[in-house]
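> Can you keep this structure in mind? I'll have questions shortly.
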Amino acid sequence: MTRSLVPTVCPYCAVGCGLYIVVDDGKAVGIEYMQDHPASEGSLCPKGNAALEMLYHPDRLTHPLKRAGEMWLSISWPEALDLVAGGLSKALREGGPAGLGFIASSKCTNEESYLLQKMVRSLGCANIDSCARLCHSSSVTGLGRALGTCSTTNILSDLANSRCILAIGTNFAENHPIVARWVFRAREAGGRLIVADPRRTPTAWGGDLFLQLNPGTDVALINGMIKVILDEGLINRRFIEDRTEGFSDLESSLEGFSLSEAERITGVSASDIVGAARAYARSPASAIVYCMGVTQHANGTDNVQALANLLLICGQIGRSGAGIYPLRGQNNVQGTCDMGCLPDFYPGYLSFEDPRTQEAFRRAWGSNRLPAKKGLTSLEMMDAAAANGTIKAMYIVGEDAANTHPCSKRTAKALGRLEFLVVQDIFLTETARFADVVLPAACWAEKEGSSTSTERRIQWHEKAVEPPGDAMADLWIICNLARRLGLNFHYRSSKEVMDEICDLVPIYRGAKPSASGGVLWPCKKEGEISILHEETFPLARGRAIIRSVHFRRTAEETSSRYPFLLTIGRIGAHHNAGSMTMRSPSLLGMAPHRFVEINPKDALSLGLDDGADVVVETARGEARAKTRSTDRVMPGTLFMPFHFPGANHLVRGYRDEHSGMGELKIAACRIERC
Amino acid sequence: MKEIFVRLDRCLGCRSCEMACAVEHSQAKSILTAASEVPVPRRRLYVEYAEGQKIPLVCRHCEDAPCVAVCRTGAMRQDPITGIVDQDQNRCVGCYMCAMVCPYGVIGQQKESRMVVKCDRCGSREVPACVEACPVNTLIFAEEADFAEILRRDAASRLARGYSMRA
Amino acid sequence: MRSIYVDLTRCLGCRACEVACGRIHGKSRISVAILRDRISMPLACRQCQRATCAMVCPTEALVQEGEGITFFPERCNGCGLCLLACPFGLVNLWAGKAERCDHCMEKSPACVATCPSGALAFGEEMAFAKAARTRAVLRASRAIEGVRR
Chain A
1 MTRSLVPTVC
11 PYCAVGCGLY
21 IVVDDGKAVG
31 IEYMQDHPAS
41 EGSLCPKGNA
51 ALEMLYHPDR
61 LTHPLKRAGE
71 MWLSISWPEA
81 LDLVAGGLSK
91 ALREGGPAGL
101 GFIASSKCTN
111 EESYLLQKMV
121 RSLGCANIDS
131 CARLCHSSSV
141 TGLGRALGTC
151 STTNILSDLA
161 NSRCILAIGT
171 NFAENHPIVA
181 RWVFRAREAG
191 GRLIVADPRR
201 TPTAWGGDLF
211 LQLNPGTDVA
221 LINGMIKVIL
231 DEGLINRRFI
241 EDRTEGFSDL
251 ESSLEGFSLS
261 EAERITGVSA
271 SDIVGAARAY
281 ARSPASAIVY
291 CMGVTQHANG
301 TDNVQALANL
311 LLICGQIGRS
321 GAGIYPLRGQ
331 NNVQGTCDMG
341 CLPDFYPGYL
351 SFEDPRTQEA
361 FRRAWGSNRL
371 PAKKGLTSLE
381 MMDAAAANGT
391 IKAMYIVGED
401 AANTHPCSKR
411 TAKALGRLEF
421 LVVQDIFLTE
431 TARFADVVLP
441 AACWAEKEGS
451 STSTERRIQW
461 HEKAVEPPGD
471 AMADLWIICN
481 LARRLGLNFH
491 YRSSKEVMDE
501 ICDLVPIYRG
511 AKPSASGGVL
521 WPCKKEGEIS
531 ILHEETFPLA
541 RGRAIIRSVH
551 FRRTAEETSS
561 RYPFLLTIGR
571 IGAHHNAGSM
581 TMRSPSLLGM
591 APHRFVEINP
601 KDALSLGLDD
611 GADVVVETAR
621 GEARAKTRST
631 DRVMPGTLFM
641 PFHFPGANHL
651 VRGYRDEHSG
661 MGELKIAACR
671 IERC
Chain B
675 MKEIFVRLDR
685 CLGCRSCEMA
695 CAVEHSQAKS
705 ILTAASEVPV
715 PRRRLYVEYA
725 EGQKIPLVCR
735 HCEDAPCVAV
745 CRTGAMRQDP
755 ITGIVDQDQN
765 RCVGCYMCAM
775 VCPYGVIGQQ
785 KESRMVVKCD
795 RCGSREVPAC
805 VEACPVNTLI
815 FAEEADFAEI
825 LRRDAASRLA
835 RGYSMRA
Chain C
842 MRSIYVDLTR
852 CLGCRACEVA
862 CGRIHGKSRI
872 SVAILRDRIS
882 MPLACRQCQR
892 ATCAMVCPTE
902 ALVQEGEGIT
912 FFPERCNGCG
922 LCLLACPFGL
932 VNLWAGKAER
942 CDHCMEKSPA
952 CVATCPSGAL
962 AFGEEMAFAK
972 AARTRAVLRA
982 SRAIEGVRR
């Protein structure tokens, strides 16, 4: 009997909990907890505990597939790769590199994401993006411009050292439960938790102060807090003078803004805004934790900049317990972004515009074809495919865009119009159904490689079991495809790719990611840097940028036809578009069908019982659900999880001009019994 | 109704109250033999330290006490007139639900068997044992109005001292 | 003797404990109740010292031994009286036999190891009570900070 424990990282969210897969005679039979893991100390949330359930699901793709009318034909790898290379080459000939579009997967390893963008750019194409567009692209622009970095500034366990934690637009209790571990340690030591969310989530249960703001009014709330801090002289003048720019601009921009205005817009009482502001500014170490409630708006960049302004005027950054935590969604979205799967950044967030970046990669990759300008975002690619057909062919890895994009019916239309579509995934998702060729990929437990968690922890995981049937690791697929496209991709292992990454990508330089606990970036010889910005901000003058932002309403307005505001978000049982969790019996059992939360007062006036079958309709479409009567939501607001396909059809495509993020959070709707 | 109040700024952390409580709830009521009894008599109040502060935490005999509400067997009961919450040890099954819902964490366990122990206001005494034992009058057994009077006198003398130092 | 304790201020209602227990035992023996959308509490067999489940068992499969309860699966005929008798509703019937939490065979309960927020603890001491007291003292201490100066 050969039984071994293989160290790996949970494939779901970006906390990056370590665990051991128990492998018995080549089969994954159980899980053991990794008690010395620095972020999770051995714990796993329900998704982590259920992580193995999707591995052997009968729906796993096992062979390359070719579309033949309405049917799929099982084909061999050589034929599949030839078809893909042929289709992409044809599109290249006819439309040039601008005619191709690529979406990378946040579930692939760093090595795979790095190779994908290397391949794309070596073909002269700039159109590569990832799901980050839909989640933290507002952080990349917002924090990137304000602080010069766009990741958590401190590590998760450091939250235990905070004396005041502002959790805004995050329901970490359900979706990043391990964060609660550290937040509660801070609370045990006398720290205070302030929770700001339109919904009274389990995260709010643990808060000392709950600010139930109207959906989409974050800038007004934060500006209200900043106004209090300015008026009461609670700013950190020394920090502002030594380490920031733009403060006087902020001061004058808020002269006309009053606390009662903030109260009116947000619906949060002035006394609560004052309480929150004082607690945050006065505490010796305050941290901000935020997630989709802040970013997934058409003013997402403004929301993030407002948070940056708050922490900068109070000097709450650059030391233990003080910082900002954008909680990433997927296990390797941080890594995939670090590896440059963004249309406007090279690996390591090196700017496209900088000629030195171009030169460095031209030399390193030995290619003269690297694109000169930045490319399209994933949403823009779909626009281009749908509208004027400039994008002729797309290659999508591990993303169910037909379900995850805002206004997703438009995306479905775009996918249908493509001349050639390749989808590389582990299940036949709705997106894959539009493909000409489907490539079966190995999943997380079936390949080795590294992934980077939200706290910048690069962790290596070993291959635990073989993939089913003919499914192959994305690394193998990309290398074989690249070679057919004339590129010199001869990597024998993930480790070889990691060596190249560590050479080329500044923030990964010197990283030797290990299997238990990993290593933080940026790595320095002296040791890990767990706290960023202790001395400087990597911007032009080494100073952080305070930039005034004004509240502007980007959420759809309600009307007599659509009198409710629908907010869309995550629940703990499921993950993103549900392709993995809906195939995990324990998780599906916790949340088997789509529901819509409605305040009991609204339910009463509409004559809806708990569990009634209803239709939620917006200007874009409709979705059926069962009601859940609860005072988690305010009267006039509804909540629906986005994991059940069809929710994102309902939101409109209105976008943030800086980050390209869609207004995924809020839509005006009506609700009616079926 | 007299309550046990705490003058929060006086506690020395000497734990005489804890000792007295345990001895009062022993068989022999003697400090000399208490420690060797079985079961070991346990304190029902707790002197806690946090951020340099020492405070004795005594059961508040809450109105609508959560420990009473959660008890499945009727072991935890509240006198409707005095409001005192005490415990019928014969009924307790040691499920510890009361301990888990107590917001002050002042319900403890008797280790030798599955049973909880909790302040009973020293029913048979005039003045609870902890109050009598306190050497610096941190614990006061008084009516609320009388206790408030003590606090006002304290505040007034501080003010007066401060004022006279100005002059 | 050891118990599984819950710190009610920490339970998130995430149900990781249920999934972990179900992963190991087929059907979860710990059950999370969420009340009025304000508080949640996981409950597993309370190991009562006058256990009604043992009192009603007709085959002496569930027996009160010392301060604990011992289960002899070979004696169990799946009648389900224990399920009816348990005041907390924490007995399952699985594959024709009764099942209740046995602290993962008195070793290292999976629910405790997996709990993301540290709400569950296993052992002799009631650490949650100490935490509650500390919180109360911190609140009081913050309140009187001004008074002292």
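Residue numbers (this note's numbering), protein chains in the order written: chain A, 1 to 674; chain B, 675 to 841; chain C, 842 to 990. Note that the Cβ used here is the ideal one computed from N, Cα and C, for glycine as well.
#1: Could you tell me which whole alpha helix (DSSP H) segments of length 4 or greater appear in the region 855-941 of chain C?
#2: Consider the Cβ of S872 (chain C): report whether some Cβ of chain A lies at a distance smaller than 9 Å.
#3: Between the alpha carbons of E817 (chain B) and R827 (chain B), how many angstroms are there, rounded?
#4: Just checking: is the beta-carbon of G907 (chain C) within a distance shorter than 9 Å of some beta-carbon in chain A?
#5: Threshold first: 3 residues or longer. Then list the beta strand (DSSP E) segments lying entirely within the region 620-654 of chain A, N to C.
#6: In chain C, which residues lie less than 7 Å from G190 (chain A) when you measure between Cβ atoms?
#7: For R553 (chain A), tell me which candidate among A:F239, A:H136, A:K665, A:D272 has the shortest Cα-Cα distance.
#8: Where does A677 (chain A) land, buried or exposed, given buried means 16+ other C-beta within 10 angstroms?
#9: Return the Cβ separation of S451 (chain A) and N49 (chain A) in integer angstroms, given the expectation that the two are a contact with Cβ distance under 8 Å.
#10: Does the Cβ of N488 (chain A) have 16 or more other Cβ atoms within 10 Å, making it buried, or fewer, making it exposed?
#11: Considering only the alpha carbon of each residue, which of C:E915, C:N933, C:E966, C:L903 lies closest to Y846 (chain C)?
#12: Using a C-beta cutoff of 9 Å, does P777 (chain B) count as contacting chain C?
#13: Measure from the alpha carbon of I938 (chain C) to the alpha carbon of each residue in C:D848, C:G907, C:R980, C:T900, then state which is nearest.
#14: What is the DSSP secondary structure of I75 (chain A), reduced to helix, strand or coil?
#15: Which residue's Cα is closest to the Cα of C164 (chain A): A:Y280, A:T2, A:F102?
#16: Please compile the residues from chain B whose C-beta is within a distance smaller than 7 Å of the C-beta of R992 (chain C).
#17: Note down, in chain order, each residue of its chain lying with its Cβ closer than 7 Å to the Cβ of A972 (chain C), except the 5 sequence neighbours on either side.
#18: Less than 6 Å between C-beta atoms, sequence neighbours within five positions excluded: which residues of the same chain meet that for L418 (chain A)?
#19: My parser needs the alpha helix (DSSP H) runs of 4 or more residues fully inside the region 733-792 of chain B; what are they?
#20: Closer than 6 Å by C-beta to R788 (chain B): which residues in its own chain qualify, once you throw out the five before and the five after it? Chain order, please.
#21: When DSSP labels each residue in this structure, what does P950 (chain C) get in the three-state scheme?
#22: Does DSSP put L123 (chain A) in a helix, a strand or coil?
#23: Can a CB atom of chain C be found closer than 9 Å to the CB of D158 (chain A)?
#24: Contact between the region 358-372 of chain A and the region 320-337 of chain A: three or more CB pairs below 8 Å?
#25: Look up K681 (chain A) in the DSSP assignment and say whether it is helix, strand or coil.
#26: Using a beta-carbon distance cut-off of less than 9 Å, what residues from the region 731-762 of chain B approach chain C?
#27: Report yes or no: is there a C-beta of chain A within less than 9 Å of the C-beta of A885 (chain C)?
#28: Could you give the residue range of the beta strand (DSSP E) that holds W365 (chain A)?
#29: So, under 8 Å CB-CB, C793 (chain B) and L719 (chain B) are touching, yes? Tell me the CB distance rounded to an integer number of Å.
#30: Who are F595 (chain A)'s beta bridge partners in DSSP?
#31: Would I155 (chain A) pass as a contact of R509 (chain A) if the rule is Cβ separation under 9 Å?
#32: By Cβ distance below 6 Å, which residues in the same chain neighbour C695 (chain B) in space, the five residues on each side in sequence not counted?
#33: In chain C, which residues lie with their C-beta within 8 Å of the C-beta of E823 (chain B)?
#34: Cα separation between L604 (chain A) and I598 (chain A)?
#35: Do you know how far the Cα of I391 (chain A) is from the Cα of G398 (chain A)?
#36: How many Å lie between G26 (chain A) and H297 (chain A) at the Cα?
Once the coordinates are examined:
#1: 857-866, 893-897, 922-926
#2: Counting from 1 along the third sequence, the entry for residue 872 (chain C) is found at position 31. For S872 (chain C), the answer is no, since every Cβ of chain A falls outside 9 Å of its Cβ.
#3: Here residue 817 (chain B) is taken as the residue at index 143 of the second sequence, counted from 1. Here residue 827 (chain B) is taken as the residue at index 153 of the second sequence, counted from 1. Their backbone Cα atoms lie some 16 Å apart in a straight line.
#4: For the purposes of this step, residue 907 (chain C) is taken as the residue at position 66 of the third sequence. By this cut-off, G907 (chain C) is not an interface position.
#5: 621-629, 637-641
#6: On the first sequence, residue 190 (chain A) is found 190 positions in, with the first residue counted as 1. The answer, in chain order, is L979.
#7: The count along the first sequence starts at 1 and reaches residue 553 (chain A) at position 553. Of the candidates A:F239, A:H136, A:K665, A:D272, the one whose C-alpha sits nearest the C-alpha of R553 (chain A) is A:K665.
#8: Since the first residue of chain A shown is 1 and the last is 674, residue 677 (chain A) is not available in this structure.
#9: Along the first sequence, read from residue 1 onward, the residue named residue 451 (chain A) stands at position 451. Along the first sequence, read from residue 1 onward, the residue named residue 49 (chain A) stands at position 49. Wrong, their Cβ atoms sit about 19 Å apart, outside the cutoff.
#10: Translated into positions along the first sequence, residue 488 (chain A) becomes position 488. By the 10 Å Cβ count, N488 (chain A) comes out exposed.
#11: Taking the third sequence and counting its residues from 1, one reaches residue 846 (chain C) at position 5. Ranking C:E915, C:N933, C:E966, C:L903 by Cα distance to Y846 (chain C) puts C:E966 first.
#12: Position 103 of the second sequence, counted from the first residue, corresponds to residue 777 (chain B). Yes, P777 (chain B) lies at the interface with chain C (some Cβ there is under 9 Å from its Cβ).
#13: Residue 938 (chain C) sits at position 97 when you count from the first residue of the third sequence. Per the sequence shown, the amino acid found at residue 938 (chain C) is Lys instead of Ile. Answer by Cα proximity: C:T900.
#14: Translated into positions along the first sequence, residue 75 (chain A) becomes position 75. Coil.
#15: Reading the first sequence from its first residue, position 164 is the one you call residue 164 (chain A). The residue with the shortest Cα to Cα distance from C164 (chain A) is A:Y280.
#16: The first residue shown for chain C is 842 and the last is 990, placing residue 992 (chain C) beyond what the model contains.
#17: Position 131 of the third sequence, counted from the start, is the residue given in the question as residue 972 (chain C). Taken in chain order, the residues that qualify are D848.
#18: Position 418 of the first sequence, counting from 1, holds the residue named residue 418 (chain A). Within the same chain, L418 (chain A) has close Cβ partners A385, M394.
#19: 740-744, 771-775
#20: Position 114 of the second sequence, counted from the start, is the residue given in the question as residue 788 (chain B). Answer for R788 (chain B): G768, listed in chain order.
#21: Walking along the third sequence from the start, residue 950 (chain C) turns up at place 109. Note: P950 (chain C) maps to coil in three-state DSSP.
#22: Numbered from its first residue, the first sequence carries residue 123 (chain A) at position 123. Coil at L123 (chain A), not helix or strand.
#23: Position 158 of the first sequence, counted from the first residue, corresponds to residue 158 (chain A). Closer than 9 Å: no.
#24: no
#25: Shown here, chain A extends from 1 to 674; a query on residue 681 (chain A) therefore has no answer.
#26: L731, R746, T747
#27: Position 44 of the third sequence, counting from 1, holds the residue named residue 885 (chain C). No, A885 (chain C) does not count as interfacial toward chain A.
#28: Position 365 of the first sequence, counted from the start, is the residue given in the question as residue 365 (chain A). No beta strand (DSSP E) holds W365 (chain A); the alpha helix (DSSP H) holding it covers 355-365.
#29: For the purposes of this step, residue 793 (chain B) is taken as residue 119 along the second sequence, with counting starting at 1. For the purposes of this step, residue 719 (chain B) is taken as residue 45 along the second sequence, with counting starting at 1. That pair is a contact at about 6 Å.
#30: As a first step, residue 595 (chain A) is located in the first sequence; it is residue number 595 there, counting from the start. F595 (chain A) pairs with A:K626.
#31: Against the first sequence, residue 155 (chain A) aligns to sequence position 155. Against the first sequence, residue 509 (chain A) aligns to sequence position 509. No, these two residues do not count as a Cβ contact at 9 Å.
#32: In the second sequence, the residue the question calls residue 695 (chain B) occupies position 21. R717, R718, L719, A803, C804.
#33: By one-based count along the second sequence, residue 823 (chain B) stands at place 149. Chain C residues near E823 (chain B): none, gap ~17 Å exceeds 8 Å.
#34: Translated into the one-based positions of the first sequence, residue 604 (chain A) becomes position 604. Translated into the one-based positions of the first sequence, residue 598 (chain A) becomes position 598. Approximately 10 Å, taken between the alpha carbons.
#35: Your numbering for residue 398 (chain A) matches position 398 in the first sequence. Your numbering for residue 391 (chain A) matches position 391 in the first sequence. Approximately 20 Å between the Cα atoms of the pair.
#36: Taking the first residue of the first sequence as position 1, residue 26 (chain A) is located at position 26. Taking the first residue of the first sequence as position 1, residue 297 (chain A) is located at position 297. Distance between the alpha carbons of G26 (chain A) and H297 (chain A) is about 45 Å.
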